[in-house]
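Trainee: Below you'll find the structure I mean.
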Amino acid sequence: MNSDYVIETKRLQKVFVSKVRGEKRQVEAVKGVDLIVKRGQIFGFLGPNGAGKSTTQKVLSTLMRPSSGEVKVLGYDLVRQQDKIRQNVGFVSQVGGADLASTGMENLVLQAQLFGIDAKTAKKSAEEFSQRFQMTSYIDRSASTYSGGQKRRLDIALGMIHHPQLLLLDEPTTGLDPQSRAYLWTEIQALKTDGVTILLTTQYMDEADKLCDTIAIIDHGQIIVQGTPDELKSSVGGDTIVFSFVSSEIACKAEVLLNEHVKLELLQVTDNSIYLTIKDGERTLPDLLRLLDGSGMHVQGVTLSRPSLDDVFLKYTGRSLREDGQKQ
Amino acid sequence: MKLLHDVRLMFVNNLNHTLKSPVFIFINMFQPLMYLVLYMPLLGGLGSVPGFTGGNTANVFIPGLLVMQAIFGCAFVGFPLIDDIRSGVIHRYLVTPVSRSAIILGKVLRDVVVLLAQCILITLVAIPFGLTLSVPGFLLSLVLYIFIGIIMSCISYSFALIYKVEDSLAPTMNTITLPVSLLSGIFLPLALAPLWLQYLAKINPFSYGVNATRDLFVGNFQSISIFEGFIITGIIAVVMFYWSLHSLKKMAT
Chain A
-6 MNSDYVIETK
4 RLQKVFVSKV
14 RGEKRQVEAV
24 KGVDLIVKRG
34 QIFGFLGPNG
44 AGKSTTQKVL
54 STLMRPSSGE
64 VKVLGYDLVR
74 QQDKIRQNVG
84 FVSQVGGADL
94 ASTGMENLVL
104 QAQLFGIDAK
114 TAKKSAEEFS
124 QRFQMTSYID
134 RSASTYSGGQ
144 KRRLDIALGM
154 IHHPQLLLLD
164 EPTTGLDPQS
174 RAYLWTEIQA
184 LKTDGVTILL
194 TTQYMDEADK
204 LCDTIAIIDH
214 GQIIVQGTPD
224 ELKSSVGGDT
234 IVFSFVSSEI
244 ACKAEVLLNE
254 HVKLELLQVT
264 DNSIYLTIKD
274 GERTLPDLLR
284 LLDGSGMHVQ
294 GVTLSRPSLD
304 DVFLKYTGRS
314 LREDGQKQ
Chain B
12 MKLLHDVRLM
22 FVNNLNHTLK
32 SPVFIFINMF
42 QPLMYLVLYM
52 PLLGGLGSVP
62 GFTGGNTANV
72 FIPGLLVMQA
82 IFGCAFVGFP
92 LIDDIRSGVI
102 HRYLVTPVSR
112 SAIILGKVLR
122 DVVVLLAQCI
132 LITLVAIPFG
142 LTLSVPGFLL
152 SLVLYIFIGI
162 IMSCISYSFA
172 LIYKVEDSLA
182 PTMNTITLPV
192 SLLSGIFLPL
202 ALAPLWLQYL
212 AKINPFSYGV
222 NATRDLFVGN
232 FQSISIFEGF
242 IITGIIAVVM
252 FYWSLHSLKK
262 MAT
């Protein structure tokens, strides 16, 4: 066991068994995940809904038992040393977990005491967190009166109050307004400076890009690719060009034409648009435009962009993350 | 000791929630009080009927009424728990080292304290209606009501943890409370019942509780039914507690 590893999983698998009219049905939510998270990192799970991100996090938090595989968290065995893990890990689930019938302060003090912290220290600690997360103006109000952003801060403070070495954040900024998101991003980065290791899940490319040292793209219960944001982006191997046309028929015709004449790394058609990845996009773009125009395919719009994590996701899963989100 | 420490934390937290809107403690007593004022006088003429020992209807009716408070007062405590499950509070507790028993016991203990306050209040109100009671007998009866309250609370918590939605909890608890209360002779002594009904009542644990508390109220301490009442409700209370604990632990598998 490497003491630098905060999380280490081998072939982690989670199967849900449900009975529908007496018939057993199995759903494999996590299909053999090998994962290493090093101390001091912000590690991101990026993937669409139902990819297995949250399930993996729940297993790591001791909230779910793995169906098979080896899991070590902070060097402790997940099955046999649950209490050690619980004492040193913070988990903030997607719904949060603040008790809305209590005030923020009552929530924080109780949470600290649940970790065995005495009442006086718990109170002091709660006040510190209230200041640090700029919650002092509403901390003594019932949590049922909080705005989305205020409640989210309380949720995260609840996960932090016992000073865990590892913090698990499940979609920390989903559903928040832009200001609250930006605020939480700074706060999460500050936690990293304090030496806390963070494993977060997200559906947002920009969030993963901005916060994470390492990103694992997870889809259908498996890690498809993993690396630093830069590594992943350069693995796409080129720039992305999007052409849009009047109709999808023209887009399909254009696809055939482009495939015949140009050496492309990746090409995908969605509705009226063609996404293609190509080396040296800036120089190639004028030629492509001339080619399309010369064949009577009128290009309505064009964008050229450097590789983004969207493109990474597209390359490895064959579909766009945003598209996937819309379907749900 | 860790368990006691955790139970105290959870109990105080739950009691605080209840005390934030204490009016519900009284609203929760409304049903038995209505029976006391509007129904018990109907029994006045039944003093000579079998089962009404000594001709005092209040002494027969009030112990049963308090059992009714224990059954109905605790049957619906699972509803706020469903709220807590939905808002992630229970899962937040489960990823802390807090004792799982303490999560349940903190709630049950709060229910018991509320129930005790309600039983004492109802008894005080009943005295002008002709209730005469043995004080030691009454105090021992309170233990029986606690057992019955624990049984109902734990059943309610178990179903809340299993269903996780209100729509299923309400009909389930209604289905349980009605037969167990009718079959325990709360409203009229079972001595009046035909034999088949009396046999049916024998498989209802709450009927033993009602018989025991009736003997306790009049200070009839030699009665075997007191012993039966404590043993049967006590054992079931322990079993139901473990069932709810098991249901809670199943949430993290």
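These protein sequences, in sequence, are chains A and B.
Here the first sequence stands for residues -6 to 321, where the numbers follow this note's numbering.
Here the second sequence stands for residues 12 to 264, where the numbers follow this note's numbering.
We put the CB at the ideal spot given by N, CA and C, even for glycine.
1. On a Cα-Cα basis, can you pick out the residue from 189(B), 146(B), 14(B) and 33(B) that is closest to residue 226(B)?
2. Measure how close the beta-carbons of residue 133(B) and residue 244(B) come, nearest whole angstrom, since I'm counting them as under 8 Å.
3. For a contact meaning CB atoms closer than 8 Å, what does residue 38(A) contact in chain B?
4. As an exercise, report each continuous beta strand (DSSP E) stretch of at least 3 residues that is fully enclosed by the stretch 178 to 220 of chain A, in chain order.
5. At which residues does the beta strand (DSSP E) containing residue 4(A) begin and terminate?
6. Under a three-way DSSP split, which group does residue 273(A) fall into?
7. Could you tell me whether any Cβ in chain A is nearer than 8 Å to the Cβ of residue 28(B)?
8. Is residue 174(B) close to chain A, meaning its C-beta is less than 8 Å from at least one C-beta of that chain?
9. Kindly indicate which residue of 163(A), 107(A) and 158(A) has the alpha-carbon position closest to the one of residue 148(A).
10. Would you grab the beta carbon distance between residue 9(A) and residue 54(A) for me? Rounded to a whole angstrom, and I think it's under 8 Å.
11. Since residue 20(B) meets chain A, which of its residues come closer than 9 Å, beta carbon to beta carbon?
12. Is there a C-beta anywhere in chain B that falls below 8 Å from the one on residue 84(A)?
13. Name the chain A residues that come within less than 7 Å of residue 39(B), Cβ to Cβ?
14. Going along the chain, which residues of its own chain have a beta-carbon closer than 7 Å to the beta-carbon of residue 293(A), five neighbours each way excluded?
15. Output, in sequence order along the chain, the residues in the stretch 50 to 61 of chain A whose CB is closer than 9 Å to any CB in chain B.
16. Which residues in the same chain have their Cβ closer than 7 Å to the Cβ of residue 259(B), if we skip the five residues on either side of it in sequence?
17. Among 62(A), 171(A) and 67(A), which one has its Cα closest to the Cα of residue 26(A)?
18. Measuring alpha carbon to alpha carbon, tell me which residue in 224(A), 188(A) and 127(A) is nearest residue 173(A).
19. Out of curiosity, what's the CA-to-CA distance linking residue 23(B) and residue 29(B)?
20. So residue 257(B) contacts chain A; which residues on that side make the cut at Cβ distance below 7 Å?
21. Taking the continuous beta strand (DSSP E) assigned at residue 29(A), which residues delimit it?
22. Taking beta-carbon pairs under 7 Å, can you tell me which members of the stretch 145 to 156 of chain A lie near chain B?
23. At which residue ranges does the stretch 54 to 104 of chain A contain complete beta strand (DSSP E) runs of 3 or more residues, listed in the order of the chain?
24. Out of curiosity, what's the CA-to-CA distance linking residue 55(B) and residue 144(B)?
25. Does the beta-carbon distance from residue 236(B) to residue 79(B) come in below 8 Å?
26. Can you give me the C-alpha to C-alpha distance between residue 99(A) and residue 218(B), rounded to a whole angstrom?
27. So, helix, strand or coil for residue 149(B), using DSSP?
28. What does the alpha-carbon distance come out to for the pair residue 214(B) and residue 37(A)?
29. Which residues in the same chain have their Cβ closer than 7 Å to the Cβ of residue 223(B), if we skip the five residues on either side of it in sequence?
30. When the Cα of residue 105(B) is compared with those of 165(A), 35(A) and 51(A), which residue comes out closest?
31. Sorry if obvious, but does the Cβ on residue 265(A) come closer than 7 Å to a heavy atom of the ligand MG?
32. When you compare the CB of residue 104(B) with every CB in chain E, is at least one pair closer than 8 Å?
33. Under 8 Å between C-beta atoms, does residue 98(B) make it to chain A?
Mentor: Concretely, from the data shown:
1. Comparing Cα positions, the closest option is 146(B).
2. Contact between residue 133(B) and residue 244(B) is ruled out by a C-beta separation of about 19 Å, above the 8 Å threshold.
3. Within chain B, no C-beta atom comes nearer than 8 Å to that of residue 38(A); the closest sits roughly 18 Å away.
4. For the stretch 178 to 220 of chain A, whole beta strand (DSSP E) runs of length 3 or above, ordered along the chain, are 190 to 195, 207 to 212 and 215 to 220.
5. Start and end: -2 to 13.
6. In the structure shown, residue 273(A) adopts coil according to DSSP, grouped into three states.
7. At a cut-off of 8 Å between beta-carbon atoms, residue 28(B) makes contact with chain A.
8. Answer no: the Cβ-Cβ gap between residue 174(B) and chain A never drops below 8 Å.
9. Nearest of 163(A), 107(A) and 158(A) to residue 148(A), Cα basis: 163(A).
10. Contact between residue 9(A) and residue 54(A) is ruled out by a C-beta separation of about 17 Å, above the 8 Å threshold.
11. For residue 20(B), the chain A residues whose Cβ falls inside 9 Å of its Cβ are 103, 106 and 107, in order along the chain.
12. Interface residue, yes.
13. The premise fails here: residue 39(B) is roughly 17 Å from chain A at the closest Cβ pair, so nothing lies under 7 Å.
14. Excluding positions up to five away in sequence, the list reads 237, 238 and 239.
15. Answer set for the stretch 50 to 61 of chain A: 51, 54, 55, 56, 57 and 58.
16. Once the five neighbours on either side are set aside, the close Cβ partners of residue 259(B) are 111, 114, 115 and 172.
17. Of the candidates 62(A), 171(A) and 67(A), the one whose C-alpha sits nearest the C-alpha of residue 26(A) is 62(A).
18. Ranking the options by Cα distance to residue 173(A), first place goes to 127(A).
19. Computed Cα separation, rounded: 10 Å.
20. At a beta-carbon threshold of 7 Å, none of the residues of chain A lie near residue 257(B); the nearest stands roughly 15 Å away.
21. Counting along the chain, the beta strand (DSSP E) containing residue 29(A) begins and ends at 16 to 31.
22. Against chain B - using a Cβ distance shorter than 7 Å - the residues of the stretch 145 to 156 of chain A are 151.
23. Look at the stretch 54 to 104 of chain A and you find these whole runs of beta strand (DSSP E), each 3 residues long or longer: 61 to 66 and 82 to 85.
24. Taking the straight line joining both Cα atoms gives about 18 Å.
25. No, they are not a contact pair.
26. Between residue 99(A) and residue 218(B), the C-alpha separation is close to 42 Å.
27. Note: residue 149(B) maps to helix in three-state DSSP.
28. So the two alpha carbons sit approximately 58 Å from each other.
29. Answer for residue 223(B): 155, 236, 237, 239, 240 and 241, listed in chain order.
30. Per the C-alpha coordinates, the member of 165(A), 35(A) and 51(A) positioned closest to residue 105(B) is 51(A).
31. With respect to the ligand MG, the structure shown offers nothing to examine, as it has no ligands at all.
32. Checking the listed chains, one finds no chain E in this structure; the protein chains it contains are A and B.
33. Chain A contact via Cβ: present.
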